[in-house]
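*Asks:* First, the structure itself, so that you have it in front of you.
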Amino acid sequence: MMVWVLLGRACIGSSASQELPSVSCPAPHRSSLGRRGFIALTAGAGCALACGAGRPARAARPARELSFHSLRTGESLTAVYRENGRLLADGLAQLDYILRDYRTGDVRPIAAGLLDLVHELKQVMDYQDPIPVISGYRSPATNAMLAARSKRVAKNSYHLRGMAVDIRMPGRPLAELRDATLSLHRGGVGYYPESDFVHVDVGPVRSW
Ligand SMILES: [Zn+2]
31 MMVWVLLGRA CIGSSASQEL PSVSCPAPHR SSLGRRGFIA LTAGAGCALA CGAGRPARAA
91 RPARELSFHS LRTGESLTAV YRENGRLLAD GLAQLDYILR DYRTGDVRPI AAGLLDLVHE
151 LKQVMDYQDP IPVISGYRSP ATNAMLAARS KRVAKNSYHL RGMAVDIRMP GRPLAELRDA
211 TLSLHRGGVG YYPESDFVHV DVGPVRSW
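Using my numbering, you'd call the opening residue of the sequence shown number 31 and step up by one each time.
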């Protein structure tokens, strides 16, 4: 089993800093997020200058890190994808990669809202280990193949949009993970005890 670990690092916005050298971003599809992030940062800095020093500084928000273990490829990965509220392109690209369609090798962006949801689930469940992933992004070809094989696979699955993952948390009852996901009211929750995973997506709130 091949196991490899990469650490996420800051990327978006770093070219705007005088202190950091620019970092190559392997995910060009995220560059628009970077520009938005930079614009927001610039606007914030302008306010800090214009609004004076009387306002207390906003506390830094802790970085968000996720660890996944792909049960399909054997790969493991830890990446920081958000820091001070800003998305980090490099960390996102690494998470996109480990959550790729392992059958075809297709890599697509995974929704940041889904990553935030999984991050919150980790906290609610107080789960620190890498999260085993059964399925992340699915290409149209893979989803069509699976849908033809099983009526339980939706033809318009949120996996196609990078908005769903199938996960478990070893050592925790699967029903506990399902209930924790339901309690967040953030999207779809599918319970598959026979296959030992919970489907989590950031589509409309629903469950099955
Ligand atoms: Zn699923």
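The beta-carbon is built from N, C-alpha and C at its ideal position, and this holds for glycine as well.
(1) Ligand 1 and His-99: does the residue's C-beta get closer than 6 Å to at least one heavy atom of that ligand?
(2) With DSSP as the reference, label Thr-211 as helix, strand or coil.
(3) Return the bridge partner residues of Leu-107 from the DSSP annotation.
(4) In three-state terms, what does DSSP make of Leu-117?
(5) For Asp-131, is the beta carbon positioned less than 6 Å from some heavy atom of ligand 1?
(6) For Ala-194, is the beta carbon positioned less than 6 Å from some heavy atom of ligand 1?
(7) Looking at the strands, I want to know which residues DSSP matches up with Leu-162.
(8) If you run the structure through DSSP and keep just helix, strand and coil, what is Gly-220?
(9) State the Cα-Cα distance for the pair Leu-79 and Leu-96, rounded to the nearest angstrom.
(10) Using 7 Å as the threshold, is the C-beta distance between Thr-134 and Ser-169 below it?
(11) Hey, how far is the Cα of Ser-187 from the Cα of Asp-196?
(12) On the premise that Asp-146 lies in contact with Tyr-167, defined as a C-beta separation below 8 Å, what is that separation, rounded to the nearest angstrom?
(13) According to DSSP, simplified to helix, strand and coil, what is Arg-236?
(14) Per DSSP, what kind of secondary structure is Val-183 in: helix, strand or coil?
(15) Can you say whether Met-175 is buried or exposed, counting buried as having 16 or more other CB atoms within 10 angstroms of its CB?
(16) Applying the 10 Å Cβ sphere with the 16-neighbour rule, what's the burial state of Glu-113?
(17) Ordered along the chain, which non-local residues of its own chain (more than five positions away) have a Cβ less than 6 Å from that of Gly-115?
(18) Go ahead and pull the three-state DSSP assignment for Ser-61.
(19) Could you spell out where the beta strand (DSSP E) holding Val-230 opens and where it closes?
(20) Count the C-beta pairs between the stretch 198-210 and the stretch 154-165 that are closer than 8 Å, then say yes if the count reaches three, no if not.
(21) Since Val-154 is in the beta strand (DSSP E), which residue starts that stretch and which ends it?
*Replies:* Per the coordinate set shown:
(1) no
(2) helix
(3) Phe-98
(4) strand
(5) no
(6) yes
(7) The sequence as given places Pro at residue 162; Leu does not occur at that position. DSSP, once it has assigned bridges, lists His-99 as partnering Pro-162.
(8) strand
(9) Low per-residue confidence applies at Leu-79: pLDDT is 42, beneath 50, and the placement is therefore not dependable enough to give any value.
(10) yes
(11) 12 Å
(12) Not confirmed; about 17 Å, so no contact.
(13) strand
(14) coil
(15) exposed
(16) buried
(17) Arg-91
(18) Caution applies to Ser-61, whose pLDDT of 40 falls short of 50 and renders its modelled position unreliable; the value that the coordinates give is listed next. In the structure shown, Ser-61 sits in a helix (DSSP, three-state: H, G or I).
(19) 227-231
(20) yes
(21) That residue, Val-154, is in no beta strand (DSSP E); its alpha helix (DSSP H) goes 142-155.
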